[in-house]
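Below: one structure, written as structure tokens.
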Amino acid sequence: MILILSSNAEITTDAVIMWLNDLKKAYIRVHEDEFFEIKIINKKFFLESYRNRFFIDDISSVWYRRGGGLKFKRGQYHHEAVNQNMNEAHYWLEDYVIKKLEAKKHINKQSNSRLNKLWVLEEAQKAGLKVPRYFLAENTDDVIPGKMITKSFTENVILKSAYEHQDGMLYTAVVTQQEQGSFFPTFFQDKIEKEYEIRSFYLDGKIWSTAIMSQKDKQTETDHRKYNTAVPNRNVPYDLPLETGQKLNELFLALDINCGSADFIKGKDGQFYFLEINPLGQFLGLSAVCNYALDKEIALYL
Amino acid sequence: MRYFNLYSNILITKGANRILISDLQRNNSELQSLELYDIIEALKSHAIETLMGFYDEDSKPIVGQYLDFLVDKEYGFISTGDRDHSFPPLSLEYKDAGLVSDIFIACRDLARPRQLAPSIGNLAIKHMVIYCEQELAVADFLDLEISFSDSSVESIEIFAPCHAGINENYLQQLSEGARRIYSLVFYKCTTIQPETGDRYKFKVVFTSRHLKINACGKVDLKYFNTHLPKVLEAINHNSCLHKKIGIDINGDIRNCPAMPQRFGNIRDCSLEEALNHKAFKNYWNLTKDHIAVCKDCEFRNICTDCRAYTERTHINEAGLDNSKPLKCGYSPYTNQWEKWSENPLKQKAIRHYGLQELIKNEEA
Ligand code: SF4
Ligand code: SF4
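Chains as they are written, first to last, in the UniProt record's numbering: chain V, 1 to 302; chain E, 1 to 364.
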């Protein structure tokens, strides 16, 4: 039995479920508004919500797609001391359940679904990937106008949207002029003169890449996510160089996540620059364009 | 040396006299000459400079123009030094979950699709077309929506006879309750009302014709559709009958309601049982590459392939009808579109299917 933790009406989840049905694989889909009670039946852990009930032992794999993950019901006790005590007991039971589930075959985990982008960049360099020079600053003193970009280092996984190119990430903008005064720490990075962008989907050691050829159109030159609807960027299947792929694999292993999308730039200098990883983004748009059927790959893996 | 790299989602279909270039990402196709085809082919194995060397001074500018055209349309890009080998071909495999994706139901009223809802859900069918003989009230549509509210069905199109009660209020009420209905066609209208545009959640068409199932299967430029999944399906399967199931007015289960072979009746046979019949999927893997005339046609990957109405001139080794679709007036050899119904060679088949009346009505 496959356990799927996702937000309601999430299109990627729906698509994967079509394949699970096709492959005759049984699954339980947990909704955002579901709260589970932890029970022990015949000495075995049993979870029950208003929609679902199952033994932890019967779960063979877990897909943490989106949403807050498993949520639990807790009782309220009149006595404050009892309440505190029980909360503590609940906490350890819940912790055990989540640990048990995450120890099974899985795609991503709720416990480390939040990626720190700054940490990722450091780990990427350790894995041997080339990262465009970057720094954080509270002023633009060291920023070279026209040669650097700024972007958000916060995660935006809570933002939902239907398709690729709108998945809640902030757009990248070129810094055009220096500013007076100081501001909240901001991320600055060298702008790479690019030949094209590459988005690579990673699942348990396998990589499917798409080249996003945006150089012909000025409008989309800095970030392909500022989507030009009149003539979309040319998107085609792409093979990352073997070595870059191996390094990306190392990075995913180091971060202990086994599924996500990574962005690269192929520079005019022929180098591959790593930009970032998004573990929960939408990928079915590019999957369809490249006929990768990644929804099927996920269903096969689970 | 410079090299031209054709993008993998540009599909070139070679016909008898011309080619069709289909942009499978941007969903459009255009006709081009065989001359361009030869250049594209040559560019696959030669550098641009080498290719230029094959042509005399007079022809070089023409080749240059073709090359500019290819780059300008973003059908490919030029690399220097070598080809860019990091661009693998696009997989042409057709991948789609589920055994059946489309169902066509002919019926007197909407009780039949409601009754079939459990099977439709079980088969995870996504698209439903209903041809109804009786006039329908708003409540009929809404009951139908409710029967499918928790099912795999994503889209519903309904054909129903026109009647006096169909007015703005009727459509407005219907629009409020509609979830899956995306298209309505009212036929046998006495007064033709204007198209409703995007006023409602669905598209509405009014026609004076008495539409019947035998009107299906026409081939025309306006029906051609360049869309990656459809093209992949056409390359690997029959572009009309693959993953389709039909129920005719009598309840007989067929691949499409107009196909000759029946596989049981819904009275005593489930859709699942019918699909298990060994002959049900006979036509599913017959592609245009094996259909007379179509195999030489540049439109074959974006065209549908009707097997219910054919010219009835060819039968393949497996006993399948692989004649050209009857209702196509195009010839890939002359590149002319003519009226199919007036072609003398088609008259015998037209009589066989009893389409004389249909043709007369359509011309009236
Ligand atoms: S086989 Fe012909 S009649 Fe049947 S659905 Fe296809 S086009 Fe229509
Ligand atoms: S000959 Fe007619 S039916 Fe056949 S592929 Fe060409 S346009 Fe379609």
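Every residue gets a Cβ at the ideal spot worked out from N, C-alpha and C, and that includes glycine.
A quick note: this is a predicted structure, and the numbers were derived from the prediction, not measured.
With a cutoff of 8 Å, A318 (chain E) does not count as near ligand 1, since its C-beta is closer than that to no heavy atom of the ligand. Annotation for G329 (chain E) indicates a beta carbon at 8 Å or more from all heavy atoms of ligand 1. The alpha carbon of Y200 (chain E) has as its nearest neighbour, out of E:C269, E:Q115 and E:R180, the alpha carbon of E:R180. About 17 Å separates the Cβ atoms of V138 (chain E) and Q193 (chain E), ruling out a contact at the 8 Å cut-off. For a Cβ distance threshold of 7 Å, residue set P237 and D239 of chain V lies close to P88 (chain E), ordered along the chain.
Here I158 (chain E) is buried. Its C-beta has 16 or more other C-beta atoms within 10 Å. Contacts with chain V (Cβ-Cβ distance below 8 Å) from the segment 13 to 27 of chain E involve Q25 and R26, listed in chain order.
Here L251 (chain V) is not near A81 (chain V), since their CB atoms are 9 Å or more apart. For F184 (chain V), the closest alpha carbon among the candidates V:L203, V:E138 and V:L93 is that of V:E138. What Y7 (chain E) touches in chain V, judged by beta-carbon distance under 7 Å, is R234 and V236, going in chain order.
Residues of the segment 89 to 103 of chain E with a Cβ closer than 9 Å to any Cβ of chain V, in chain order: P89, L90, S91, L92, E93, Y94, K95, D96, A97, G98 and L99. The segment 250 to 261 of chain E and the segment 330 to 348 of chain E do not touch, with fewer than three beta-carbon pairs separated by less than 8 Å. Neighbours of V30 (chain V) in chain E, taken as residues at a C-beta separation under 7 Å, are lacking, since the least C-beta distance is about 18 Å. Residues R2, Y3 and N5 of the same chain have their beta carbon placed closer than 8 Å to that of S79 (chain E), with the five preceding and five following residues left out of the count.
Chain E places no beta carbon closer than 9 Å to that of Y202 (chain V), leaving this residue out of the contacts.
Scanning E:L142, E:G329, E:A111 and E:I48 for the CA closest to the CA of E133 (chain E) turns up E:A111. Non-local beta-carbon contacts of E48 (chain V) in its own chain, meaning distances under 7 Å to residues more than five positions away in sequence, involve F36, E37 and K39 in chain order. Of all residues in the segment 10 to 31 of chain V, the ones placed with a Cβ closer than 7 Å to any Cβ belonging to chain E are M18, W19, N21 and D22, in chain order.
CA-to-CA, the gap between L129 (chain V) and L90 (chain E) works out to about 27 Å. Taking C-beta separations shorter than 8 Å and ignoring five residues to either side along the sequence, the partners of L34 (chain E) in its chain run K14, N17, R18 and I19, following chain order.
Y187 (chain E) is bridged by DSSP to E:P161. The three-state reading of DSSP puts C107 (chain E) in strand, counting E and B together. If you compare the alpha carbons of E:I249, E:I302 and E:F263 with that of S22 (chain E), the shortest gap goes to E:I302. Residue-level contact by beta carbon fails for Y301 (chain V) and chain E, as no gap is shorter than 9 Å.
Runs of the beta strand (DSSP E) lying entirely within the segment 244 to 320 of chain E and spanning at least 3 residues, in chain order: 244 to 247.
Linking G81 (chain E) to A15 (chain V) through their CA atoms gives a straight-line distance of about 42 Å. With respect to chain E, the C-beta atom of N291 (chain V) has a partner C-beta closer than 9 Å.
Judged by pairs of C-beta atoms under 8 Å, the segment 141 to 153 of chain E does not touch the segment 292 to 312 of chain E, as fewer than three such pairs exist.
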